Amino acid sequence: MDTKAICVGSSSALRFWRSARSVGGTVREDEIASAFGSRAFDITRQVARARDLCLCEENQPLDLVFGGSFGRCFVANVDIHKWRAPLGSKQLIEAGDGIYICRAPVVIAQLGLTLDTVSLAQVACELMGTYGLVPWTDEGVVWDVDPLVSYAECREYISAARALRVRGATGASDALQIAVPDSNSPRETDIAIYFQLGRPSGGAGLGGFEMNRKLLVPQEYWPLAGQRSIKPDFCWKNARVACEYDSDDNHLNSSQKTKDERRRATLEAMGYKVMTLTNGILKNGEALNAFTAELEQQLGIRRNPMNANMLARRRDLCERLFGTTM
Numbered sequence: 001m002d003t004k005a006i007c008v009g010s011s012s013a014l015r016f017w018r019s020a021r022s023v024g025g026t027v028r029e030d031e032i033a034s035a036f037g038s039r040a041f042d043i044t045r046q047v048a049r050a051r052d053l054c055l056c057e058e059n060q061p062l063d064l065v066f067g068g069s070f071g072r073c074f075v076a077n078v079d080i081h082k083w084r085a086p087l088g089s090k091q092l093i094e095a096g097d098g099i100y101i102c103r104a105p106v107v108i109a110q111l112g113l114t115l116d117t118v119s120l121a122q123v124a125c126e127l128m129g130t131y132g133l134v135p136w137t138d139e140g141v142v143w144d145v146d147p148l149v150s151y152a153e154c155r156e157y158i159s160a161a162r163a164l165r166v167r168g169a170t171g172a173s174d175a176l177q178i179a180v181p182d183s184n185s186p187r188e189t190d191i192a193i194y195f196q197l198g199r200p201s202g203g204a205g206l207g208g209f210e211m212n213r214k215l216l217v218p219q220e221y222w223p224l225a226g227q228r229s230i231k232p233d234f235c236w237k238n239a240r241v242a243c244e245y246d247s248d249d250n251h252l253n254s255s256q257k258t259k260d261e262r263r264r265a266t267l268e269a270m271g272y273k274v275m276t277l278t279n280g281i282l283k284n285g286e287a288l289n290a291f292t293a294e295l296e297q298q299l300g301i302r303r304n305p306m307n308a309n310m311l312a313r314r315r316d317l318c319e320r321l322f323g324t325t326m
């Protein structure tokens, strides 16, 4: 590795990966360096180039890390962070011009220093999911992109960083406990976090589900389904319970309603109890609590009523995630 190289991490690396996904489809890491080219830049021009790659605004500092083969960088408008966890070829991609970018597991671990558990879990779900946030555009989101990282890769790196007692790794580990791979939208991510978080923290405490994982449809139900596999939004396989999120945007037209009805009918024919979650339920506290209680019943879970502190934390959490009024 070039001893004059710089390493982009933390929030700047997150912006880089969001930018790379903004065109949709697959991010080919092996093509990044060749796409950007490689020139002999001095440190000032390296930083300027890295700022462009990471879409830094005029007065926004560039996040660089030092540690391993990377030294400090004494250039204006740069935030430099020491990082004691591994920063080798498995943890970085080369963007040319002596610029290296931290991969997604490293970014998540580093953001454990600055983001709270819920915010970091949202980032982790995004990077492990099939959508990407592009806040600099009118749309704000790109769809049908490949996950940047698997849950196993995140867990492996964050566990190693935590074993080394790296600052931020404990926060990242906590966030990973409530993050779920294969989310297909920001709203699905927020629902997953609500399901995952324990009741003392305001959540439903109903983990153990998979998101958007393929279920094979038995041949006798192919005509009903119109397809040979189904991907429920949330699925508790052992309990034979599925939850479908119907957004206002995608589920109001008659064609989509017909598809939704066929999906639900097929899942029910396969022995699943199907529950439907809407924005109307998410934004109404009483309705959401009633939905959660019914889901507990379908999962065979019996619990004592929530105490006042739990209910207060749920109110705050749901207002944050969904804009819920209670």
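Numbered by the working numbering, the letters in the sequence shown go through residues 1 to 326 in order. C-beta atoms are modelled at their ideal positions from N, C-alpha and C, and glycine is treated no differently. Since the model is a prediction, treat every value here as computed from it, not as a measurement.
message: Applying the 10 Å Cβ sphere with the 16-neighbour rule, what's the burial state of R15?
response: The count along the sequence shown starts at 1 and reaches residue 15 at position 15. R15 should be labelled buried.
message: What residue range does the beta strand (DSSP E) around M275 cover?
response: Counting from one through the sequence shown, the residue named residue 275 turns up at place 275. Note, M275: beta strand (DSSP E), 273-278.
task: List the endpoints of the continuous beta strand (DSSP E) containing G171.
output: Within the sequence shown, residue 171 is the residue found at index 171, counting from 1. First-last for G171: 169-177, but that is the alpha helix (DSSP H), not the beta strand (DSSP E).
message: Between which residues of its own chain and A124 is the CB-CB distance below 7 Å, once the five residues before and five after are set aside?
response: Residue mapping note: residue 124 aligns to position 124 of the sequence shown, counting from 1. Here the set comprises I108, C154, A175, L176, A179.
Unbroken stretches of the alpha helix (DSSP H), 4 residues or longer, contained in the segment 152-234: 169-177, 186-196, 222-225
8 Å contact criterion, which D182 and R213 should meet: CB distance rounded: Start at 1 with the first residue of the sequence shown, and residue 182 comes out as number 182. Start at 1 with the first residue of the sequence shown, and residue 213 comes out as number 213. So it is a contact: roughly 7 Å between Cβ atoms.
- prompt: So the alpha helix (DSSP H) C125 belongs to, where does it begin and stop?
  reply: In the sequence shown, the residue the question calls residue 125 occupies position 125. 117-127 is the extent of the alpha helix (DSSP H) around C125.
Close beta carbons around R240, own chain, < 7 Å, minus the five adjacent residues each side: By one-based count along the sequence shown, residue 240 stands at place 240. Within the same chain, R240 has close Cβ partners G271, Y272, K273.
task: Could you please give the first and the last residue of the uninterrupted alpha helix (DSSP H) stretch that includes F322?
output: Here residue 322 refers to the residue found at position 322 of the sequence shown. Looking at the DSSP string, the run of the alpha helix (DSSP H) that includes F322 is 308-322.
task: Would you give the residue range spanned by the beta strand (DSSP E) that W143 belongs to?
output: Walking along the sequence shown from the start, residue 143 turns up at place 143. It spans 140-143 - the beta strand (DSSP E) in which W143 sits, taken as one unbroken run.
- prompt: Since E152 contacts G112 with CB under 8 Å, what's their CB separation in whole angstroms?
  reply: Here residue 152 refers to the residue found at position 152 of the sequence shown. Here residue 112 refers to the residue found at position 112 of the sequence shown. According to the sequence provided, residue 152 is Ala. The question's Glu does not apply to it. That pair is no contact at about 18 Å.
- request: Verify whether the separation of the beta carbon atoms of L299 and L206 is less than 9 Å.
  value: As a working mapping, residue 299 is identified with position 299 in the sequence shown. As a working mapping, residue 206 is identified with position 206 in the sequence shown. Closer than 9 Å, so yes.
query: So what's F66 in DSSP terms, helix, strand or just coil?
result: As a first step, residue 66 must be located in the sequence shown, where it is residue number 66. F66: strand per DSSP, three-state reduction.
- prompt: How close, in whole Å, do the beta carbons of E188 and D144 come, if the pair is a contact with beta carbons under 8 Å?
  reply: Position 188 of the sequence shown, counted from the first residue, corresponds to residue 188. Position 144 of the sequence shown, counted from the first residue, corresponds to residue 144. Not really, about 14 Å apart at Cβ, beyond 8 Å.
task: Evaluate R51 with the Cβ neighbour count: other Cβ atoms within 10 Å of its Cβ, from every protein chain shown; 16 or more gives buried, anything less gives exposed.
output: Numbered from 1 along the sequence shown, position 51 holds the residue referred to as residue 51. Buried, because 16 or more other Cβ atoms sit within 10 Å of the Cβ of R51.
field: Assigned exposure category for N289 - 16 Cβ within 10 Å defines buried
entry: Within the sequence shown, numbered from 1, the residue matching residue 289 stands at position 289. Flag for N289 reads buried.
query: Identify the residues that DSSP records as bridge partners of A242: which are they?
result: The sequence position of residue 242 within the sequence shown is 242, counting from 1. Answer is C235, V274, bridged to A242.
message: Does L53 pass the burial test, meaning 16 or more other C-beta atoms within 10 Å, or should it be called exposed?
response: Looking up residue 53 in the sequence shown gives position 53. Looking at its Cβ environment, which holds 16 or more other Cβ atoms inside 10 Å, L53 is buried.
- prompt: Roughly how many angstroms lie between the CA atoms of W83 and C7, to the nearest whole one?
  reply: One-based indexing of the sequence shown puts residue 83 at position 83. One-based indexing of the sequence shown puts residue 7 at position 7. Approximately 11 Å between the Cα atoms of the pair.
task: Let me know the secondary structure DSSP gives N284 once reduced to three states.
output: The residue you call residue 284 lines up with position 284 of the sequence shown. Looking at N284 - three-state DSSP - the assignment turns out to be strand.
- prompt: How many Å lie between N284 and P186 at the Cα?
  reply: Counting from one through the sequence shown, the residue named residue 284 turns up at place 284. Counting from one through the sequence shown, the residue named residue 186 turns up at place 186. Rounded to whole angstroms, N284 to P186 spans 19 Å at the Cα level.
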